[in-house]
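Residue numbers (the working numbering): 147 to 373. Ideal placement from N, C-alpha and C gives every residue a C-beta, glycine not left out. None of the values given here were measured: they were computed from a predicted structure. Data first, discussion second: the structure below is written as structure tokens.
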């Protein structure tokens, strides 16, 4: 309950800060689109990692060796991923991307905010220069493009939330190099680093980069078509 309240508080503080500094409401937090956009984002995040892990499994790099039993841990992870998604999307899309977009334009904002998002993960366990580049491409570009296309924080929050939860607490894989979490499936991962992501986890895999880049391109295309 405390974590949920913390997430709500971050959204309220962001909305109030925008209103105070910019003298207008936070247009990227429309309450009438909260459920729909967050739901779509959750579906995209889940589907994305089903594709990534499914491809790993097709190459023999991922198999399920057991079923987890820590249901409370899985529930706690679901709530924790929501909190992380809200916090990081407020900072990187609501503040950084939006500020750059207003001053430098969409393309520059997308590239610069994505690079910053990748660099932020360089200190994570198992991180390399490649893993940060991968994060920038598959997540930084995707989340920035989703934010720009939708005009709301709800869509990237949903994607980010479901991405972390599905990766860590459904498939039992490292999230950005972190320790494995309580998960529905207990995995056995065996394969080359380009396929599995090595010590950092599947976010550093070529598969994740390809799927993330394709999703980013789709959102960019949809945004261009709508303007």
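Query, Result
"Where residue 196 sits in the DSSP three-state scheme", "helix"
"For residue 211, three-class secondary structure by DSSP", "strand"
"Cβ neighbour criterion (16 or more within 10 Å) applied to residue 282", "buried"
"Residue from 186, 294, 272 with nearest C-alpha to residue 362", "294"
"Cβ distance (whole Å) where residue 337 is taken to contact residue 206 below 8 Å", "7 Å"
"Start-to-end residues for the beta strand (DSSP E) that takes in residue 171", "Residue 171 -> no beta strand (DSSP E), and no H or E assigned at all."
"Runs of alpha helix (DSSP H) wholly within the stretch 248-275 (minimum 4 residues, chain order)", "252-266"
"Cβ-based neighbour list, residue 184, same chain, cut-off 6 Å, excluding 5 preceding and 5 following", "300, 304"
"DSSP state of residue 329 mapped onto helix, strand, coil", "coil"
"Coarse secondary structure for residue 334, derived from DSSP in three states", "strand"
"Test item: CB-CB of residue 343 and residue 351 under 8 Å", "yes"
"Sequence-distant residues of the same chain with beta carbon closer than 7 Å to residue 188, five excluded per side", "304, 307, 308"
"Residue 151 versus residue 161 - alpha carbon distance", "15 Å"
"Touching by the beta-carbon criterion (3+ pairs, under 8 Å), the stretch 319-337 and the stretch 236-251", "no"
"Option nearest residue 328 by Cα separation, candidates 335, 195, 319", "319"
"Cβ-heavy atom distance, residue 351 to the ligand NAP, below 7 Å", "For the structure depicted, the ligand NAP is absent and the ligand set is empty, with no information on it obtainable."
"Contacting residues, own chain, Cβ-Cβ under 7 Å from residue 252 (five flanking each side not counted)", "294"
"Pair within 8 Å by beta-carbon distance, residue 208 and residue 202", "yes"
"Through-space distance from residue 335 to residue 348, alpha-carbon basis", "10 Å"
"Nearest-angstrom Cα separation, counted from residue 316 out to residue 330", "5 Å"
"Close beta carbons around residue 175, own chain, < 8 Å, minus the five adjacent residues each side", "157, 160, 161, 298, 299, 300"
"C-beta contact flag for residue 287 and residue 302 at 8 Å", "no"
"Proximity of residue 229 and residue 149 at Cβ, strictly below 8 Å", "yes"
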